[in-house]
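Asker: The listed protein sequences derive, respectively, from chains B and X. Just add 46 to wherever you are in the first sequence, counting from 1, and you've got my numbering. Just add 31 to wherever you are in the second sequence, counting from 1, and you've got my numbering. Yeah, the Cβ is synthetic: ideal placement off N, Cα and C, and Gly gets one too. Every value quoted in this text rests on a predicted model; they were computed, and no experiment measured them.
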Amino acid sequence: MSSLTQLQLELAAFLQRRSLLENDREASAWATRTLTGSSSLSPVQQLEIYREQFWLRHTSSLVEDFPGLSGVLGQRAWERLIEGYLERHPPTHFSLRDLGARLPAYVADQSWLEQRDLCRDMAALEWASIECFDAPDTEPLNPAELQQIAPEAWTQATCVLNPALRLLRVAYPVAELRRALKRSRVEGGTVSYPDKKPENLVVYRRQRELDVASVSTGARDLLEGFAAGKPLLEAVEGVVRSGHVTESELGPWLTALLRDFAANGWVTRVELP
Amino acid sequence: MSQVSPGRVRGGTSQLRVPLLGVGVGLRVPHYAYILRERPRVDFFEIISENFMVAGGKPLYHLDRVLESYPVIQHGVSLNIGGPAPLDRDYLTRLKALVRRVQPAWLSDHVCWSGADGAHLHDLLPLPYCSEAVDRLVERASMVQDFLEVRFALENTSSYMTYTASTLTEWQFVSEVVDRADIGLLFDVNNVFVSSYNHGFDALEFVRNVPHERIVQIHLAGHTNLGTHIIDTHRGHVHDAVWALYREALRQAGAPVSTLIEWDDEIPEFEVLMAEAERAKQEQALALGSAAGD
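1. Below 6 Å CB to CB, which residues in the same chain sit around B:Lys243 once its five sequence neighbours on both sides are set aside?
2. Which residues in chain A have a C-beta closer than 8 Å to the C-beta of X:Met305? List them in chain order.
3. Taking a Cβ distance cut-off of 7 Å, strictly less, list which residues of the region 173-193 of chain B are near chain X, in chain order.
4. Classify X:Val209 as helix, strand or coil using the three-state DSSP reduction.
5. Pair every Cβ in the region 216-235 of chain B with every Cβ in the region 179-195 of chain B, then say whether three or more of these pairs are closer than 8 Å.
6. Going along the chain, which residues of its own chain have a beta-carbon closer than 8 Å to the beta-carbon of B:Cys178, five neighbours each way excluded?
7. Can you tell me where the alpha helix (DSSP H) holding B:Arg103 begins and where it ends?
8. With respect to 7 Å, is the separation between the Cβ of X:Lys89 and the closest non-hydrogen atom of the ligand SAM below this value?
9. Applying a beta-carbon distance threshold of less than 7 Å, which residues of chain B neighbour X:Pro61?
10. May I ask you to report which of helix, strand or coil DSSP gives X:Asp325?
11. Under 7 Å Cβ-Cβ, which residues of chain X neighbour B:Phe112?
12. Whole angstroms is fine: what's the gap from X:Asp325's alpha carbon to X:Phe76's?
13. Report yes if the CB atom of X:Phe83 is closer than 8 Å to the CB atom of X:Leu129, and no otherwise.
14. Apart from the five residues on each side of it in sequence, which residues of its chain come closer than 6 Å, Cβ to Cβ, to B:Leu303?
15. Quick one: list the residues of chain B neighbouring X:Val225, beta-carbon separation under 8 Å, in chain order.
16. In the DSSP output, what is B:Leu212 paired with across the bridge?
17. Taking X:Thr195 as the reference, give the member of B:Leu55, B:Asp155, B:Pro89 with the closest Cα.
18. Give the straight-line distance between the Cα atoms of X:Glu207 and B:Ala75, rounded to the nearest whole angstrom.
19. Give the DSSP-derived three-state secondary structure of B:Trp124 in the structure shown.
20. What's the gap between the Cα of X:Lys127 and the Cα of B:Pro197?
21. Under 7 Å between beta-carbons, which chain B residues line up against X:Val85? List them in chain order, please.
22. Locate the alpha helix (DSSP H) running through X:Gln105, then write down its first and last residues.
23. Does the count of Cβ pairs from the region 108-123 of chain B and the region 78-85 of chain B closer than 8 Å reach three?
24. In three-state DSSP terms, what is X:Thr259?
25. Is any beta-carbon of chain X found at less than 8 Å from that of B:Arg251?
26. Taking 6 Å as the limit between beta carbons, can you name the residues of its chain near B:Arg315, skipping five residues before and five after?
27. Could you check what DSSP says for B:His139 in three-state terms: helix, strand or coil?
28. Tell me whether B:Ile195 is buried or exposed, calling it buried when 16 or more other Cβ atoms sit within 10 Å of its Cβ.
29. Run down chain B in chain order and give the residues with a C-beta less than 8 Å from the C-beta of X:Lys89.
30. Give me, in chain order, the residues of the same chain whose beta-carbon lies closer than 6 Å to that of B:Ala226; leave out the 5 immediate sequence neighbours on both sides.
31. May I ask you to list the residues that DSSP assigns as paired with X:Phe348?
32. Tell me the DSSP bridge mates of X:Tyr194?
33. Give a yes or no on whether the minimum CB-CB distance between B:Thr105 and chain X is below 8 Å.
34. Kindly list, in the order they appear in chain X, the residues whose Cβ is closer than 7 Å to that of B:Pro298.
35. Report yes or no: is there a C-beta of chain B within less than 8 Å of the C-beta of X:Asp233?
36. From which residue to which residue does the beta strand (DSSP E) around X:Asp154 run?
See the structure below:
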């Protein structure tokens, strides 16, 4: 290993330490050997500038990406969570956009969090929003093309979902809570933790704007079937088996849902075998 | 609208023929609506490449609208050209896709490293100014320029630490890298000022001893003086001492150089940025008029 590479590996490790380097004998000794210092800063103080920036930059980026989660937690718990997260999952991607990719799973593992399930749901909602924000663009479904599909061909047709769409099952009404937190930041006031209220959320982007919708369990199962690449018939059979819709209701139910999915831009293409 | 600089050559080794774009500003989110609505008279915009290396959505939509009306150049912050690991092929592939979309007259990143051992620290960390670092940067900068098929430039950074392992001054280091790699220099005179304050060297010596014929662009920005050191915050107006360095850099270059106003913290109304760009044009006229009269 070259001396330059050795220096960089050691320096990178110091910058990711959580506590002040001035109180760290190993860091001080390393800095004295490696850095010159200046007329107003000692070598370890120079190093500390970069360490502090490492934490500030990444915690600021996460606050921006997860305003709902940080709002639920409050300053102290948020800092504890994020410092632990960055220590466990140091940034590895060139883009700060991907910094929070593992945060929902990390939150789910933190038994010390008072409202862990609520926090897990909020983190999942906010990460889904980031993923949808800059996912590939797609053209909306063309109704004329649908009319050309023969009725008997529909059973094997595959409905392709918008790449800027994510499906979430949450235990708490986090979309509503996130909107309330946003309002409170502008208008003031406090926001209480909500009670449990399981929901099926569709996070999606349409016309460049993000939105969140709550859907029925049957609609969720159908969308999950589409997301898994199942043909329409197989996806519908799954919904019927789960008892969310009876066979007698199926025709009008499915027609209405597919119309809504297309109107919302959730289904963007229908593929035939 | 664009002009081409005269291709000044030092030592007969290079022809850095890049267009002279005038004075531009950084394209930042708070200004998107204003720019697309008012179409202000801006010579060019500079984007942070990484903000647009995405699949779709608002970032690329807004970029495409801006590209319809303005020249755009790309500036990167995450190439990690001086890091211990080889260059990230995925990063370069995505960067090249953006280059094809933007068609910039040149593309730049920094003389720095940003990560090691798998971690990306998202910082512009200084390198020791030594031959091993020069060799690493030269090899990679040439490779980047060839791969992207666009004029590549490296920017001198602000720094808050210096290494005992350095054997060159910063200007010797930067000059050797851009000369040997045959690339452009994005000369940030605010960074020169910040580093000169932090490390106690003569900023004018830096300005006078870089290869001026390789300067494809100049960056100007505000900074924050904390007493013990200055942080390159890109906040506030360009300081008078930095304007003075700018005039000297132009005098040394002997011709106008495409110049960019960076303002990334406490971002003001767009008109404030435009006024700063207008000041840069006045300073250019002042500097080059003075040079002609000398």
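Answerer: Well, looking at it:
1. Pro219
2. Among the protein chains of the structure shown, namely B and X, there is no chain A.
3. Phe179, Asp180, Ala181, Pro182, Asp183
4. helix
5. no
6. Ala210, Leu211, Arg212, Val249, Tyr250, Arg251, Leu256
7. 89-111
8. This structure does not include the ligand SAM; it has no bound ligands of any sort.
9. Going along chain B, no residue has its Cβ under 7 Å from X:Pro61, so there is no contact; the nearest lies around 14 Å.
10. Low confidence applies here, because X:Asp325 scores a pLDDT of 41, under 50, leaving its location unreliable; read the following figure in that light. If DSSP states are grouped into helix, strand and coil, X:Asp325 belongs with coil.
11. Within chain X, no residue comes near B:Phe112; the closest Cβ sits about 17 Å away, beyond 7 Å.
12. Its pLDDT being 41, under 50, X:Asp325 is placed unreliably by the model, and nothing is read from it.
13. yes
14. Ala265
15. What X:Val225 touches in chain B: nothing, since even the nearest Cβ is about 12 Å away.
16. As written in the sequence, residue 212 of chain B is Arg, which differs from the Leu given in the question. Answer by DSSP bridge pairing, in chain order: B:Val249.
17. B:Pro89
18. 32 Å
19. helix
20. 45 Å
21. Asp180
22. Counting along the chain, X:Gln105 falls outside any alpha helix (DSSP H), though it belongs to the beta strand (DSSP E) covering 103-106.
23. no
24. coil
25. yes
26. Val206
27. coil
28. exposed
29. Phe179, Asp180, Arg254
30. Val237
31. For chain X, the structure presents residues 32 to 325; residue 348 of chain X sits outside this window and is missing.
32. B:Leu81
33. no
34. The contacting residues do not exist; B:Pro298 stays about 35 Å from chain X at best.
35. no
36. 150-156
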